[in-house]
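Protein chains in written order, with this note's numbering: chain A, 1 to 151; chain B, 152 to 302.
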DNA sequence: CGCCGAGGCGGGAAAATTTCCTATGTCTAT
DNA sequence: ATAGACATAGGAAATTTTCCCGCCTCGGCG
């Protein structure tokens, strides 16, 4: 599927505020309801537009600690990797996980209520899968957060 | 503002799918339209519920490279910090930025079209603000991604 | 050069949803 | 037990989404 400038403007508006009405989006992109609706429908079908969610205030809900966890492992067999992956998927405090190129094998972003909760998470993880080396970076302050792609 | 179990269920539903109708949410949390609507309104006013956005398929839109950037700096004056912060805010490829405790001072999550675009970003950044040491971790594969908090 | 077909566009109408009001119910503290 | 504070259900009005239809534009083709 190909995306033109109008599609990009629509995506940009949706990222800014997905609760807008079609009329508002249409006005913002300089078109009218129906074409905008058709484009959104097509992009949804193509999987370019995925789920619609809300941004919550993590601090207000008691999630006051964010850690980035750098993981090195000596195990690289398929079985180990599968178990590791499942462990991450199953733990809701893991907000993001990437397999990396180079020296460090994995990075996790972990959101928890406090440092104690992080330790509980850490103990549970290393008891499930063997890892060679773990470094935790504690966030003092979130300077920027956005999910918006620059279109 | 205090949050009870019903509020948490509502938030959970909204995180799962913010496009649901009030009736659907009400059914899911075992209540009816109006109370759900009032609770959502109050949580919005309190800032617990923030913006509503869509999740886009970054790969399909040509953003194929994600880097985590670890930054050490020798400068810790207020002025340097302010300039650094502004530089990050101004760059749309920076999706996330944290000030850290310990050895490493900052971590960034940077999303770009390709490695070349990362290099352009990197050159631009270090020409704006002086940093002591930069390590870039390239993501090979995003194993997990969610913004949902475990309520 | 004109014609034809495909596809996007705008208007509008029906269905669904949100928003808001009112009356009723429930829980707590004294 | 009772008053007060607050949450709830139902429903009505306004807004929004969804979808249908006729029109216009733009490409290729005779």
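All residues carry an ideal CB built from backbone N, CA and C; glycine is no exception.
Here the structure is a predicted model, which means the values were calculated and not measured.
1. Hey, is residue 290 of chain B's beta-carbon within less than 7 Å of any beta-carbon in chain A?
2. State the beta-bridge partners of residue 76 of chain A as determined by DSSP.
3. Check whether chain B comes within 7 Å of residue 121 of chain A, counting only Cβ atoms and requiring the distance to be less than that.
4. Starting from the C-beta of residue 29 of chain A, find all residues in its chain whose C-beta is less than 7 Å away, skip the five residues before and the five after it, and write them out in chain order.
5. If we cut at 7 Å on Cβ distances, does residue 186 of chain B have a partner in chain A?
6. At what residues does the beta strand (DSSP E) containing residue 143 of chain A begin and finish?
7. Cα separation between residue 254 of chain B and residue 24 of chain A?
8. May I have a chain-ordered list of the alpha helix (DSSP H) segments no shorter than 4 residues that lie completely inside the region 197-241 of chain B?
9. Is it a yes or a no for the region 63-72 of chain A touching the region 94-109 of chain A, going by three-plus beta-carbon pairs under 8 Å?
10. Taking residue 176 of chain B as part of the alpha helix (DSSP H), name the residues at either end of that continuous run.
11. Classify residue 260 of chain B as buried or exposed, calling it buried when 16 or more other Cβ atoms lie within 10 Å of its own Cβ.
12. What number of angstroms, rounded off, separates the C-alpha of residue 59 of chain A from the C-alpha of residue 18 of chain A?
13. Can you find the residues in the same chain that come closer than 8 Å, C-beta to C-beta, to residue 251 of chain B, ignoring five residues on each side of it along the sequence?
14. Leaving out the 5 sequence neighbours to the left and right, which residues in its chain are closer than 7 Å to residue 226 of chain B when beta-carbon positions are compared?
15. Suppose contacts are defined by Cβ-Cβ distances below 7 Å. Is residue 304 of chain B in contact with residue 47 of chain A by that definition?
16. If the criterion is Cβ atoms closer than 7 Å, does the pair residue 72 of chain A and residue 132 of chain A meet it?
17. Are the C-beta of residue 190 of chain B and some C-beta of chain A separated by less than 7 Å?
18. Using the rule of at least 16 other Cβ atoms within 10 Å of the residue's Cβ for burial, across every protein chain shown, is residue 278 of chain B buried or exposed?
19. With 7 Å set as the bound, which would you pick, yes or no: does the beta-carbon of residue 125 of chain A sit closer than that to a beta-carbon of chain B?
20. Show which residues of chain A have a CB atom less than 7 Å away from the CB atom of residue 208 of chain B.
21. Residue 25 of chain A touches chain B at which residues, Cβ-Cβ below 8 Å?
22. Considering only DSSP beta bridges, list what residue 260 of chain B is partnered with.
23. Could you have a look at residue 101 of chain A and say whether DSSP puts it in helix, strand or coil?
24. When you compare the CB of residue 250 of chain B with every CB in chain A, is at least one pair closer than 7 Å?
25. Residue 272 of chain B: which of B/241, B/189 and B/173 sits nearest, CA to CA?
26. Counting along the chain, where does the alpha helix (DSSP H) carrying residue 125 of chain A start and finish?
27. Residue 289 of chain B: which of B/299, B/154 and B/266 sits nearest, CA to CA?
28. In chain A, which residues lie with their C-beta within 8 Å of the C-beta of residue 268 of chain B?
Answer, in terms of the structure:
1. yes
2. The partner list for residue 76 of chain A (beta bridge, DSSP) is empty, contrary to what the question assumes.
3. no
4. 6, 9, 10, 13 and 36
5. no
6. 133-145
7. 48 Å
8. Taking 4 residues as the shortest admissible run, the region 197-241 of chain B contains the following complete alpha helix (DSSP H) segments, listed from N- to C-terminal end: 229-241.
9. Touching, per the Cβ criterion.
10. 173-180
11. That one is buried.
12. 23 Å
13. 257 and 258
14. 281
15. The structure shown does not extend to residue 304 of chain B, since chain B is modelled only from 152 to 302, so the question has no answer here.
16. Result yes, Cβ atoms of residue 72 of chain A and residue 132 of chain A sit closer than 7 Å.
17. no
18. exposed
19. no
20. 47, 48 and 50
21. None at all; the shortest Cβ gap to chain B is about 12 Å.
22. The partner list for residue 260 of chain B (beta bridge, DSSP) reads B/219 and B/247.
23. Residue state, collapsed to three classes: strand.
24. It does; some Cβ of chain A falls within 7 Å.
25. B/241
26. Per DSSP, residue 125 of chain A belongs to the alpha helix (DSSP H) from 115-128.
27. B/266
28. By Cβ distance, chain A contributes nothing, its closest Cβ being about 11 Å from residue 268 of chain B, past 8 Å.
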